[in-house]
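Chains as they are written, first to last, in my numbering: chain L, 1 to 258; chain D, 259 to 516; chain F, 517 to 774. Here a beta-carbon is modelled for each residue, glycine too, at the ideal position from N, C-alpha and C. Here is the structure we will look at, set down as structure tokens.
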Amino acid sequence: FPPPESESDESWVWTQIKAEAHRDADSEPALASYLYSTVLSHPSLDRSLSFHLANKLCSSTLLSTLLYDLFLRSFSTHPTVLSAAVADLLAARHRDPACVSFSHCLLNYKGFLAVQAHRVAHVLWTQSRRPLALALHSRIADVFSVDIHPAARIGKGILLDHATGVVVGETAVIGNNVSILHHVTLGGTGKMGGDRHPKIGDGVLIGAGATILGNIRIGEGAKIGAGSVVLIDVPPRTTAVGNPARLVGGKEKPSRHE
Amino acid sequence: FPPPESESDESWVWTQIKAEAHRDADSEPALASYLYSTVLSHPSLDRSLSFHLANKLCSSTLLSTLLYDLFLRSFSTHPTVLSAAVADLLAARHRDPACVSFSHCLLNYKGFLAVQAHRVAHVLWTQSRRPLALALHSRIADVFSVDIHPAARIGKGILLDHATGVVVGETAVIGNNVSILHHVTLGGTGKMGGDRHPKIGDGVLIGAGATILGNIRIGEGAKIGAGSVVLIDVPPRTTAVGNPARLVGGKEKPSRHE
Amino acid sequence: FPPPESESDESWVWTQIKAEAHRDADSEPALASYLYSTVLSHPSLDRSLSFHLANKLCSSTLLSTLLYDLFLRSFSTHPTVLSAAVADLLAARHRDPACVSFSHCLLNYKGFLAVQAHRVAHVLWTQSRRPLALALHSRIADVFSVDIHPAARIGKGILLDHATGVVVGETAVIGNNVSILHHVTLGGTGKMGGDRHPKIGDGVLIGAGATILGNIRIGEGAKIGAGSVVLIDVPPRTTAVGNPARLVGGKEKPSRHE
């Protein structure tokens, strides 16, 4: 799904989303009103996404209008937040065979929506608006069962597939083009503070239910098997599996892939 | 809990549910209005279930009236969807010692409710109403933290116990009388499309947190231990445990149960 | 965070919470209305907590007013329920380095809120108001993805960190000052009824994704590693890790900590 060179990714993806929503609204009248309010009534991706996130995350005490303004302002003052969302949409289409359209991801993927809301919570955190960042974090954890601390730094082109139960700690760092399945934990090993969570390199794939603990480094392009418990560094382009995880091919001469 | 032979399972179960709701409304005035609106005001199981699911799954953009009509029409035009719900209610009463009544399961079991809503999403999927099937799938995943792809085929007499975090992929097939605990994944092993998810035989029991990956076959009556990571076929009436899972009794001569 | 000896824990913690909420409302106007309605408008911790829980757990059929009255009455007639909440707030501040304030825990920690609502469900259960206890249990499981059977007995000073996916069975018992990470299961091993769930001693720490099954005893001060599957008793002050879990230091001479 490469957009043509003559057009920005954002503009191209938004055009696709509107075309998909038009097609779906025509074929499914029961969804027409829903698609109109979430996609077709909006002039741009940032407004559609802000509206959708605000409706998902609002509560009787945290109003959707407040959240809509917050998301919209964050997207407009931090263009990298929106361009990362576009990269995530492209990543879902490329890497998830069950992702049938961009609008499917935008509207339905709780992992995608949780990451976009997290990026806004992270902006608030870096602006020292911590109470608001934490209130938003709490709503994301309630609504999507995805618990990413607002201080955690996350790259672009991220796929949180299925996403339920993902937990990412305060000092975790996730690179670009990382795929993370559901129930994955990037956690700490004890109660001490400080830099205590994993650092995940570019292009890493983390299987369902993997638990990665401590200030360790998962090298770029590494793969972590489903259900692994990882307590050691994993070199680039290496696979780790098991509980506790061992490097496939042995510790001294791990087999590299690609 | 075998219904008498003179009466259909559905009619008998619905009679039990109404009697239970009457008894509970009498003993607990705080629940009377709730039980009236969810059970006692309805003339039949399909209407009670449609009302309850619509209220659980609706959102500010996906209205409960639309969902109520959708569920009710699906139950009336696909009688096997409702009879599978009845079989699930009987399965919960038989197999879950914590299930104290049919109405308890109908009203409170997120696994039961997620499976019923999934069956309707599956009907929509087979009718090529995919955008609506995926929108419903997304609401089930948000509300119940149960993520069953609408294309997945599921039998009857299913018990999803606790249910939080269950993930079932697009090409998975689940037989009849299967019990699945929480955090169970029936997933794929990579990013390729096609037939890539497990096939679960009749009467299988899958323990909490088990991860079953790839187009493999779990034979009828097999048991999968809690926390197992299963990447190989499991013969009928055999137990698999561990990460990676091995067959209890060894690969060549696995011990059979029953 | 030891309160002064001259003041009760509850009064001191509530004074801290109000001061924190005042400070946050001043620094973040977008949260002022939220903090007023959840904290600052209330004369006491029990009213603030009842209001917040009722808003989180209500639905279109289970009204917030009903839940507010229920929580408030439970806190006033069972003072140990509120004092346990205070002990939990102190535990989160002591043991979780990401917990930046008492109000952060009160407003945002789904594990904290799930445990407080569970204690009220447990009071209802012991009063034989089981349908209401189970309805509340179901809402807690839906909203927080935390599934604690209302019959389960839980001590004070409890930290459910992250909390998503925690499952605690009907006959489980949890002591005081226990820390439980997300995705932890205290479950049964089969379909038989009776006393079938784990007993967790004081001061135990259970890592993310650990699955503890059967009527076994985890001794006081024991530690259970992340991702472990525990099917055997663990002696006091001993560490168990792995799938199946083994005692660190061997079965006969397990190494003790502290």
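| Asked | Found |
| --- | --- |
| Where do the ends of the beta strand (DSSP E) carrying D:S318 lie? | Unbroken run through D:S318: none, as it is neither H nor E. |
| Looking at F:S549: is its Cβ nearer than 8 Å to the Cβ of F:V555? | no |
| Quick one: residues in its chain with C-beta nearer than 8 Å to the C-beta of L:E220, no 5 flanking neighbours on either side, listed in chain order? | G175, G201, D202, G203, V204, P236, R237 |
| Taking all protein chains shown into account, decide if F:T593 is buried (16 or more other Cβ within 10 angstroms of its Cβ) or exposed. | exposed |
| For D:D346, report the span of its alpha helix (DSSP H) as first-last. | 337 to 353 |
| Going straight from the alpha carbon of F:Q643 to that of D:R411, what length do you get? | 42 Å |
| Cα separation between L:S228 and L:D142? | 26 Å |
| Along chain F, which residues have their Cβ under 8 Å away from the Cβ of D:Y292? | T577, L578, A651 |
| What's the call for D:D354, buried or exposed, on a 16-neighbour Cβ count within 10 Å? | buried |
| Based on Cα-Cα distance, which residue from D:L324, D:D304, D:L439 lies nearest to D:A342? | D:D304 |
| Rounded to whole angstroms, how far is the Cβ of F:T680 from the Cβ of D:N313, which I believe are closer than 8 Å? | The Cβ separation is near 24 Å, so there is no contact. |
| Distance check for F:N759 and L:A222, CA to CA, integer angstroms please. | 24 Å |
| From D:V492 to D:R504, what distance separates their C-alpha atoms? | 9 Å |
| Is there a Cβ from chain D that is less than 8 Å from the Cβ of L:K110? | yes |
| Counting along the chain, where does the beta strand (DSSP E) carrying L:A240 start and finish? | 239 to 241 |
| D:V487 touches chain L at which residues, Cβ-Cβ below 7 Å? | A226, G227 |
| Please state if the CB of F:S557 and the CB of F:Y584 are separated by a distance shorter than 8 Å. | no |
| Expressed to the nearest angstrom, what Euclidean distance is found between the alpha-carbon atoms of F:L623 and F:L605? | 11 Å |
| Under 8 Å by Cβ, that's how I've got D:A391 and D:A379 pegged, so tell me the actual separation to the nearest angstrom. | 5 Å |
| Near F:V757, what residues of its chain come up, given a Cβ to Cβ distance below 7 Å and the 5 sequence neighbours on each side ignored? | G741, S744, V764 |
| Tell me which residue opens and which closes the alpha helix (DSSP H) that L:G270 is part of. | For chain L, the structure presents residues 1 to 258; residue 270 of chain L sits outside this window and is missing. |
| To which residues does DSSP link F:I740 through a beta bridge? | F:I722, F:A756 |
| Using a Cβ-Cβ cut-off of 8 Å (strictly less than) and excluding sequence neighbours within five positions of D:L289, which residues of its own chain qualify? | D282, A283 |
| Can you find a heavy atom of the ligand SAH that lies under 7 Å from the Cβ of F:G735? | The ligand SAH is not part of this structure, which contains no ligands at all. |
| In chain D, which residues lie less than 7 Å from F:G703 when you measure between Cβ atoms? | A466 |
| Return no unless some Cβ of chain L is closer than 8 Å to the Cβ of D:G479. | no |
| Chain L beta carbons: is any one of them nearer than 8 Å to that of D:T497? | no |
| In whole angstroms, what separates the C-alpha of D:S266 from that of F:N731? | 39 Å |
| For F:G703, which option in D:L439, D:G445, D:L444, D:G446 has the closest C-alpha, if you only look at C-alpha atoms? | D:L439 |
| Quick one: grab the DSSP three-state call for F:T531. | helix |
| Taking C-alpha atoms, which residue in L:R139, L:A172, L:H197 lies nearest to L:L63? | L:R139 |
| Tell me, please, whether the CB atom of F:G673 is closer than 8 Å to any CB atom in chain L? | no |
| Determine the closest residue to L:N177 out of L:R93, L:R129, L:Y109, with distance taken between C-alpha atoms. | L:R93 |
| In the DSSP assignment, what are the bridge partners of D:K457? | D:V431, D:R475 |
| Take the Cβ of F:F517 as the centre, count every other Cβ of all protein chains shown within 10 Å, and call the residue buried at 16 or more, exposed below. | exposed |
| Can you give me the start and stop residues for the beta strand (DSSP E) that D:S299 sits inside? | Counting along the chain, D:S299 falls outside any beta strand (DSSP E), and DSSP gives it neither H nor E. |
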